[in-house]
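Chemist: So the sequence shown is residues 6 to 478, counted in the working numbering.
To start, I am sharing the structure in question, which I have written as structure tokens.
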Amino acid sequence: MKFRLLLLFLVLTQTAPASAALVYGNFRNAYAGNRVSIIVPHYYIDGKKEVYAKDLNVAQEFSFEIKLAEPQLVFLEFNYDRLALFLAPDDTLSIKIDAFKFPLVAGFSEKGGANNALLHTYLRENGQDYDEFNNYRFKIGQWWASVEAPMRQVMENLEPQAFRDSLDRRKRSANALLQTFDSDNPGALSPVFKTWLSAEILYYWAYHLLVYGHVFGNMHRVQPDFFEFLYDAPILCPMIGSEWYRQFLLAVMARQQDKTGSVLNFWSGQYERSGTLLEGKPLAFFRSEMINIAFSGEQYREILPLFNDFLKSNTVPGYDEKVADLYEKFAKISPGAHAPVFSGTDPDGRVVSLEQFRGKVVYLNFWASWCGACIRKMEYLNPFVQSFKARGIEIVNISVDQDPGQWKEALSVRAFAGYNMLASSGNPVNIAHAYNVEAIPQYFIIDASGSFADKAYGHDPEAIRSRLLELAH
Numbered sequence: 006m007k008f009r010l011l012l013l014f015l016v017l018t019q020t021a022p023a024s025a026a027l028v029y030g031n032f033r034n035a036y037a038g039n040r041v042s043i044i045v046p047h048y049y050i051d052g053k054k055e056v057y058a059k060d061l062n063v064a065q066e067f068s069f070e071i072k073l074a075e076p077q078l079v080f081l082e083f084n085y086d087r088l089a090l091f092l093a094p095d096d097t098l099s100i101k102i103d104a105f106k107f108p109l110v111a112g113f114s115e116k117g118g119a120n121n122a123l124l125h126t127y128l129r130e131n132g133q134d135y136d137e138f139n140n141y142r143f144k145i146g147q148w149w150a151s152v153e154a155p156m157r158q159v160m161e162n163l164e165p166q167a168f169r170d171s172l173d174r175r176k177r178s179a180n181a182l183l184q185t186f187d188s189d190n191p192g193a194l195s196p197v198f199k200t201w202l203s204a205e206i207l208y209y210w211a212y213h214l215l216v217y218g219h220v221f222g223n224m225h226r227v228q229p230d231f232f233e234f235l236y237d238a239p240i241l242c243p244m245i246g247s248e249w250y251r252q253f254l255l256a257v258m259a260r261q262q263d264k265t266g267s268v269l270n271f272w273s274g275q276y277e278r279s280g281t282l283l284e285g286k287p288l289a290f291f292r293s294e295m296i297n298i299a300f301s302g303e304q305y306r307e308i309l310p311l312f313n314d315f316l317k318s319n320t321v322p323g324y325d326e327k328v329a330d331l332y333e334k335f336a337k338i339s340p341g342a343h344a345p346v347f348s349g350t351d352p353d354g355r356v357v358s359l360e361q362f363r364g365k366v367v368y369l370n371f372w373a374s375w376c377g378a379c380i381r382k383m384e385y386l387n388p389f390v391q392s393f394k395a396r397g398i399e400i401v402n403i404s405v406d407q408d409p410g411q412w413k414e415a416l417s418v419r420a421f422a423g424y425n426m427l428a429s430s431g432n433p434v435n436i437a438h439a440y441n442v443e444a445i446p447q448y449f450i451i452d453a454s455g456s457f458a459d460k461a462y463g464h465d466p467e468a469i470r471s472r473l474l475e476l477a478h
């Protein structure tokens, strides 16, 4: 353990510092004190984002020094509206904005001015919705692909050749826009921006063709030769700051794993395969993302052996932090770890503690009165609670409701058996926080020794019931 901690310290202290880009400008028709922010999402590197925020001065001006590890998109936010910007390390960008016309109209100058002028036109002609909550999701194996609502409708309505033609036209038009602007403004665009935008155009095209062929293949009777477009989309690309390249990489690797026909080792299988297909930053991103997704999806036993492999073999230290943070977050709730002790109160004020169930199997269920999926699962298991108890299995339902009244009302209507308590009644800390519960439905199984046990795969209530009975033997 000491060696692991020493290794972790060494790799985290070797991360190369990011370089700064200078962004400044002013808002007409705004007021001193209005808040301006720049959001730098670098989840793909370290699982985090950076938010820079300032108030406009008396001249309605702002300025930021933005640290960047990669050339990428950032977002200027004002009055809840956002403007996408392209920044590279050491860039300088001046922006002139009319608050009444933001984010539709903006003027750009300085080193990054031409880059962002073209980007502004490109996004206006090829609109993209950067809000994930507005997108639909489709499975490729066990990985969820994201598709914007208008594109989903196009995918459903167009036959293969028509869909391919529509994306080909978009790609040709976008490349023509880049080439014409570059020709009309010689030397204005930076080489790194041209490489980045070219990657965005290519991999937007390839990603959506891949999702269409895989997800809607049966609906539209897609033939194998449809996927020949993959020869024109290299799996290895140096522009890791391109969101569409990263999404394409995740999609194509998920499809390859899904084609093996095995539902086991979905994430570790891709991790291993990537070693023969990728290198450098793409390899570091992809492998760290496999660990990220598997940890978040509670596939601990599958991916944990690769955690140490990543820290030993990764050649791009900036990605170590994402993996290390995941380990610190999830290791304490992984199978075999001792479950955090807690105590709280039930609806009648009686104390309920984890320690009172020592020697029994505990199904620890996190839910809320407003969570329909939680309630459906609880209603399925509710008739089994008494037979569970006879087998040494205890049900503990912990609500994350903020309003105790709504919680008690839901209990009176639903009559959920077992032990019921609020997460906020936890002593000494909120029980949901102690178990890293950030979304529901969520559950844990604690064995007779007080340690976390392997769960059933997914949230299917019948699979959960079977797993509980297995542990009670």
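Note that beta-carbon positions come from the ideal geometry of N, C-alpha and C, so glycine has one too.
Residues in its own chain within less than 8 angstroms of residue 245 by CB, not counting five upstream and five downstream?
Modeler: The answer, listed in chain order, is 49, 75, 251, 286, 287, 290.
Chemist: Rounded C-beta distance between residue 165 and residue 253? I'm assuming under 8 angstroms.
Modeler: Wrong, their Cβ atoms sit about 19 angstroms apart, outside the cutoff.
Chemist: Does the Cβ of residue 352 have 16 or more other Cβ atoms within 10 Å, making it buried, or fewer, making it exposed?
Modeler: Flag for residue 352 reads exposed.
Chemist: Just the C-alpha distance for residue 153 and residue 144, rounded to the nearest angstrom, thanks.
Modeler: The alpha-carbon atoms of residue 153 and residue 144 are separated by roughly 14 angstroms.
Chemist: Where does residue 402 land, buried or exposed, given buried means 16+ other C-beta within 10 angstroms?
Modeler: So residue 402 counts as buried.
Chemist: Check whether the Cβ atoms of residue 111 and residue 65 lie closer than 7 angstroms to each other.
Modeler: Contact: no.
Chemist: Determine the DSSP secondary structure at residue 58, reduced to helix, strand or coil.
Modeler: Residue 58 falls in the strand class under three-state DSSP.
Chemist: Cβ of residue 215 within 7 angstroms of Cβ of residue 256?
Modeler: Yes, they are a contact pair.
Chemist: Out of 234, 196, 172, state which residue places its alpha-carbon closest to the alpha-carbon of residue 119.
Modeler: The shortest C-alpha separation from residue 119 is found at 196.
Chemist: Is it true that the CB of residue 378 sits closer than 7 angstroms to the CB of residue 5?
Modeler: Because the chain is modelled from 6 through 478, residue 5 falls outside the range shown and cannot be assessed.
Chemist: With a threshold of 6 angstroms on Cβ separation, who are the neighbours of residue 227 within its own chain once the five nearest residues in sequence on each side are excluded?
Modeler: Hits under 6 angstroms: 165, 218.
Chemist: Do the CB positions of residue 296 and residue 328 come within less than 7 angstroms of each other?
Modeler: The answer is yes: Cβ separation under 7 angstroms.
Chemist: For the structure I just gave you, are there three or more beta carbon pairs, one from the region 120 to 134 and one from the region 236 to 243, closer than 8 angstroms?
Modeler: No: fewer than three Cβ pairs fall under 8 angstroms.
Chemist: Express the C-alpha separation of residue 70 and residue 39 in angstroms, rounding to a whole number.
Modeler: Rounded to whole angstroms, residue 39 to residue 70 spans 19 angstroms at the Cα level.
Chemist: For residue 166, does the three-state DSSP call read helix, strand or coil?
Modeler: If DSSP states are grouped into helix, strand and coil, residue 166 belongs with the helices.
Chemist: Determine the closest residue to residue 249 out of 307, 211, 279, 267, with distance taken between C-alpha atoms.
Modeler: Of the listed residues, the one whose Cα sits closest to residue 249 is 211.
Chemist: DSSP state of residue 17, grouped into three classes?
Modeler: Reliability fails at residue 17, whose pLDDT of 34 lies under 50, so the model's placement of it is uncertain and no value is given.
Chemist: Straight-line CA distance for residue 425 to residue 441?
Modeler: Between residue 425 and residue 441, the C-alpha separation is close to 19 angstroms.
Chemist: Tell me the rounded alpha-carbon separation between residue 46 and residue 56.
Modeler: So the alpha carbons of these two residues sit roughly 8 angstroms apart.
Chemist: Below 8 angstroms, can you find three or more Cβ-Cβ pairs linking the region 407 to 417 to the region 382 to 391?
Modeler: Too few Cβ pairs lie closer than 8 angstroms, so no.
Chemist: Three-state secondary structure (DSSP) at residue 426?
Modeler: Reduced to three states, the DSSP call for residue 426 is strand.
Chemist: Can you have a look at residue 392 and say buried or exposed, based on whether 16 or more other CB atoms are within 10 angstroms of its CB?
Modeler: Counting Cβ neighbours within 10 Å, residue 392 comes out exposed, since fewer than 16 surround it.
Chemist: Run the CB neighbour count on residue 58, radius 10 Å, all protein chains shown included, and call it buried at 16 or more, exposed below.
Modeler: Its Cβ having fewer than 16 others within 10 Å, residue 58 is exposed.
Chemist: So what does DSSP say about residue 350, is it helix, strand or coil?
Modeler: Residue 350: strand per DSSP, three-state reduction.
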